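What follows is a short report on a single structure.
In the working numbering, the protein residues as written are 146 to 569.
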């Protein structure tokens, strides 16, 4: 049954990670048909594991009515009533609001949702999302969780987090980083990348000034787009799919290579870097990715990026993505090794195409280096240009492993190189 499969997935993840506490987020709105199997699964888990081993935290919204100038608790009451109807009683309620929540409102939520007063926590909007854990801790959420799960006395050490938040609000020099993509009108499309850049900037005592650059405009030789690109201290080309805007991204990679501008390519961004360098080094403008030759007009020898052998005939594409975490061996005496300071890493993937190893030898003779390899199938995971101060790409998505207190080595390296380039 689907609910059993969901429970197995949760418990297997807990066992595999040897977690003391497993945090599971169920998104969406209570009552939506898509979420019902997941809610039923956690209801059954509580039944099996008991109240002392499970804890339900319900995050709700208190809308503000401008006409009456008040926050309303009715949606929260209705949401909890809906949860109760399927057998779930929240242990803690976090009430989100753009305005300050009064004690009377918190008491009202406690009364009508049958939750202890100390377990109704206000989640008022703050300047930075990274302030939120500190806000919750002011209301002793750790002590509350420990009490409900019988964990004994726990005193959280928030000093490192407090210093991190303090740095966020400290005035620092701006660092202009250009993000070259085709989804620039939808900021959330690159949210993980942007946050990873911000975190790396905070740890290097800089403020990120992100410059959005539409790759299609670069392709069309739009003057303002090119001026914006040329104003950047560093360039990031993130992941994506499809041929639209690709030549603009290649042009951005060429500009970075020719002008020694720090460049970080993520997934598709690495492939773009490989295509651009190969066209230049091998003097063949036809070199491209199999993905971009949609009508298959070119000879396959021009594909520096191609489907893995055995996949190329599967045009349904639905199950051909390479997903999840894979190990990668980093070659010593490379930029990648300098950044990671270790030879064995594990990174998360979400892509369909791979580097064509037939191009390795001719390119390595021209200053290209495959510095990270998935040894089992000899796949290129990290590539870099050795003649450039910082031009590196990863086939994986490092933004998924960047953390507030620990910036990812690739993002940290880009920011350090960009600071040096900008001389600020």
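Heads up, the beta-carbon is just placed ideally off N, CA and C, and yes, glycines get one too. Bear in mind the structure is a predicted one, so any value in this text is a computation, not a measurement.
**Asked** Going by the CB atoms, is the gap between residue 155 and residue 351 shorter than 8 Å?
**Response** The sequence position of residue 351 within the chain shown is 206, counting from 1. The sequence position of residue 155 within the chain shown is 10, counting from 1. No, Cβ-Cβ distance for residue 351 and residue 155 is not below 8 Å.
**Asked** Going by C-alpha distance, which of 201, 179 and 252 is nearest residue 189?
**Response** In the chain shown, residue 189 corresponds to position 44, counting from 1. The candidate whose alpha carbon is nearest that of residue 189 is 201.
**Prompt:** What are the start and end residues of the beta strand (DSSP E) that includes residue 484?
**Reply:** For the purposes of this step, residue 484 is taken as the residue at position 339 of the chain shown. That residue, residue 484, is in no beta strand (DSSP E); its alpha helix (DSSP H) goes 480 to 485.
**Prompt:** Would the segment 343 to 359 and the segment 411 to 419 be scored as touching if the rule is three or more Cβ pairs under 8 Å?
**Reply:** no
**Item:** Span of the beta strand (DSSP E), counted from its first residue to its last, around residue 113
**Value:** There is no way to answer for residue 113, as the model of the chain reaches only from 146 to 569.
**Request:** Identify the continuous beta strand (DSSP E) that holds residue 257 and give its terminal residues.
**Result:** Stepping through the chain shown from its first residue, residue 257 is reached at position 112. Taken as a continuous stretch (DSSP letters only), residue 257 belongs to no beta strand (DSSP E), being part of the alpha helix (DSSP H) at 248 to 258.
**Message:** So if DSSP puts residue 308 in a beta bridge, which residue, or which two residues, is it bridged to?
**Reply:** Along the chain shown, read from residue 1 onward, the residue named residue 308 stands at position 163. Answer is none; residue 308 lacks a bridge partner.
**Where the alpha helix (DSSP H) containing residue 508 begins and where it ends** = Taking the chain shown and counting its residues from 1, one reaches residue 508 at position 363. Residue 508 -> alpha helix (DSSP H) spans 505 to 509.
**CA nearest to the CA of residue 524, picked from 536, 430, 166 and 505** = The residue you call residue 524 lines up with position 379 of the chain shown. Comparing Cα-Cα distances from residue 524 to each of 536, 430, 166 and 505, the minimum goes to 505.
**Request:** Determine the extent of the alpha helix (DSSP H) in which residue 334 is found, giving its start and end residues.
**Result:** Numbered from 1 along the chain shown, position 189 holds the residue referred to as residue 334. Where residue 334 is concerned, there is no enclosing alpha helix (DSSP H), given that its DSSP letter is neither H nor E.
**Prompt:** Does the Cβ-Cβ distance between residue 313 and residue 342 come in under 8 Å?
**Reply:** By one-based count along the chain shown, residue 313 stands at place 168. By one-based count along the chain shown, residue 342 stands at place 197. No.
**Request:** Please work out which residues of its chain come closer than 6 Å, Cβ to Cβ, to residue 457, disregarding the five sequence neighbours upstream and downstream, and give them in chain order.
**Result:** For this step, residue 457 is matched to residue 312 along the chain shown. Only weak support is given to the placement of residue 457: the predicted model assigns it a pLDDT of 44, under 50, and the question is left unresolved by the model.
**Request:** Grab me the residues of residue 233's own chain with a C-beta within less than 8 Å of its C-beta, minus the 5 sequence neighbours each way, in chain order.
**Result:** Reading the chain shown from its first residue, position 88 is the one you call residue 233. Contacts found: 184, 187, 188, 191 and 201.
**Item:** Extent of the continuous alpha helix (DSSP H) to which residue 326 belongs
**Value:** For the purposes of this step, residue 326 is identified with residue 181 of the chain shown, where counting begins at 1. From DSSP, residue 326 is part of no alpha helix (DSSP H) but of the beta strand (DSSP E) over 319 to 326.
**Asked** Of the residues 159, 160 and 182, which one's Cα is nearest the Cα of residue 146?
**Response** As a first step, residue 146 is located in the chain shown; it is residue number 1 there, counting from the start. If we check each option's Cα against that of residue 146, 182 comes out closest.
**Message:** Quick test of the definition: if touching needs 3 or more C-beta pairs under 8 Å, does the segment 517 to 533 touch the segment 473 to 481?
**Reply:** yes
**Request:** Could you tell me which uninterrupted beta strand (DSSP E) segments, each at least 3 residues in length, are contained entirely in the segment 366 to 411, listed from first to last along the chain?
**Result:** 379 to 382 and 408 to 411
**Request:** Could you tell me how far apart the beta carbons of residue 389 and residue 327 are, in whole angstroms, since I believe they sit closer than 8 Å?
**Result:** Residue mapping note: residue 389 aligns to position 244 of the chain shown, counting from 1. Residue mapping note: residue 327 aligns to position 182 of the chain shown, counting from 1. Right, their Cβ atoms sit about 6 Å apart.
**Prompt:** Using the C-alpha atoms, what's the distance from residue 375 back to residue 434?
**Reply:** As a working note, residue 434 is residue 289 in the chain shown. As a working note, residue 375 is residue 230 in the chain shown. Each residue's Cα considered, the two are about 26 Å apart.
**Item:** Own chain partners of residue 533 with C-beta closer than 7 Å, once the 5 adjacent residues on each side are dropped
**Value:** The sequence position of residue 533 within the chain shown is 388, counting from 1. 402 and 405, listed in sequence order.
**Asked** From this set, 348, 265, 337 and 298, which residue's C-alpha is nearest residue 305's C-alpha?
**Response** Here residue 305 refers to the residue found at position 160 of the chain shown. Of the candidates 348, 265, 337 and 298, the one whose C-alpha sits nearest the C-alpha of residue 305 is 348.
**Request:** Check residue 415 in the structure and name its three-state DSSP category.
**Result:** By one-based count along the chain shown, residue 415 stands at place 270. Helix.
**Request:** Locate the beta strand (DSSP E) running through residue 538, then write down its first and last residues.
**Result:** Numbered from 1 along the chain shown, position 393 holds the residue referred to as residue 538. Segment 536 to 539, the beta strand (DSSP E) holding residue 538.
**Message:** With three or more beta-carbon pairs closer than 8 Å as the criterion, would you say the segment 485 to 502 touches the segment 363 to 382?
**Reply:** no
**Asked** Which residues in the same chain have their Cβ closer than 7 Å to the Cβ of residue 287, if we skip the five residues on either side of it in sequence?
**Response** Mapped onto the chain shown, residue 287 falls at position 142. Cβ neighbours of residue 287 beyond the five flanking positions: 299 and 301.
**Request:** Take every Cβ of the segment 217 to 235, pair it with every Cβ of the segment 255 to 275, and state whether three or more of those distances are shorter than 8 Å.
**Result:** yes
**Request:** To the nearest angstrom, report how far apart residue 422 and residue 508 are at their CA atoms.
**Result:** Residue mapping note: residue 422 aligns to position 277 of the chain shown, counting from 1. Residue mapping note: residue 508 aligns to position 363 of the chain shown, counting from 1. Rounded to the nearest angstrom, the two C-alpha atoms are 8 Å apart.
**Message:** Taking the alpha-carbon of residue 221 as reference, which of 451, 212, 204 and 214 has the nearest alpha-carbon?
**Reply:** Taking the chain shown and counting its residues from 1, one reaches residue 221 at position 76. For the residues 451, 212, 204 and 214, the minimum Cα distance to residue 221 belongs to 204.
**Prompt:** In or out: residue 271 buried (at least 16 other Cβ within 10 Å) or exposed?
**Reply:** The count along the chain shown starts at 1 and reaches residue 271 at position 126. Exposed, by the Cβ-count rule.
**Request:** May I ask you to report which of helix, strand or coil DSSP gives residue 437?
**Result:** Locating residue 437 in the chain shown gives position 292, counting from the first residue. Three-state DSSP puts residue 437 in coil, outside helix and strand.
**Among 510, 511, 535 and 492, the one whose alpha carbon lies nearest that of residue 517** = Position 372 of the chain shown, counted from the first residue, corresponds to residue 517. Per the Cα distances, 492.
**Prompt:** With distances taken between CB atoms, is the gap from residue 269 to residue 291 smaller than 8 Å?
**Reply:** Within the chain shown, the letter at position 124 stands for residue 269. Within the chain shown, the letter at position 146 stands for residue 291. Contact: no.
**Item:** Spatial neighbours of residue 310 in its chain, beta-carbon cut-off 8 Å, leaving aside the 5 residues before and after
**Value:** Taking the chain shown and counting its residues from 1, the one referred to as residue 310 is at position 165. Hits under 8 Å: 273, 275, 276 and 279.
**Message:** Only counting the same chain, and skipping five residues up and downstream in sequence, which positions put a Cβ closer than 7 Å to that of residue 468?
**Reply:** What you label residue 468 is simply residue 323 of the chain shown in a count that begins at 1. Excluding residues within five positions, the ones whose Cβ falls inside 7 Å are 494 and 495.
**Message:** I need the DSSP call for residue 284, collapsed to helix, strand or coil.
**Reply:** Indexing the chain shown from 1 puts residue 284 at position 139. In this structure, residue 284 counts as coil in the three-state DSSP scheme.
**Message:** Assuming residue 393 and residue 431 are in contact, meaning their beta carbons sit under 8 Å apart, how far apart are those beta carbons, in whole angstroms?
**Reply:** Start at 1 with the first residue of the chain shown, and residue 393 comes out as number 248. Start at 1 with the first residue of the chain shown, and residue 431 comes out as number 286. Residue 393 to residue 431, Cβ: 18 Å. No contact.
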